[in-house]
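K.L.:
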Amino acid sequence: MRQRDDLKVILMSATLDAGKFSKYFNECPLISIPGKCWPVEIFYTPEPEKDYIEAAIRTCIQIHLTEKQKGSGLFFG
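Under the working numbering, think of the first position of the sequence shown as 1211, with each following residue one higher.
Set out below in structure tokens:
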């Protein structure tokens, strides 16, 4: 693994098994930086959508146009 000393890898994931990752990369060092928790609202469609990408975009625009508070959105399809 030590072919390029100038190459650095940074990997972030909420579900990463850090021990396996470190072991795979020759016991590379791990650094953990705690994150900040934000309130989350979860919305589901009452029935499956025929075109879920279009539905997600439509919902995003609808929330953007009607929500009075500023914030960010994260959508999973």
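All C-beta atoms in this analysis are idealised placements derived from N, C-alpha and C, irrespective of residue type, glycine included.
All figures in this text were calculated on a predicted structure; none of them were measured in a lab.
Report the rounded CA-to-CA distance for K1280 versus A1228, giving the unit in angstroms.
P.N.:
Spanning the two alpha carbons is a distance of roughly 34 Å.
K.L.:
Using CA atoms only, rank isn't needed, just tell me which of N1236, A1224, K1230 is closest to Q1213.
P.N.:
Residue N1236 is the option with its Cα nearest to Q1213.
K.L.:
Would DSSP call S1223 helix, strand or coil?
P.N.:
Looking at S1223 - three-state DSSP - the assignment turns out to be coil, as it is neither helix nor strand.
K.L.:
Can you check which of these residues, P1258, A1224, Y1234, K1260, is closest to C1247 by C-alpha distance?
P.N.:
Of P1258, A1224, Y1234, K1260, the residue nearest in Cα terms is A1224.
K.L.:
Which residues in the same chain as C1238 place their Cβ atom closer than 7 Å to its Cβ, once the five residues preceding and following it in sequence are excluded?
P.N.:
The answer, listed in chain order, is S1232.
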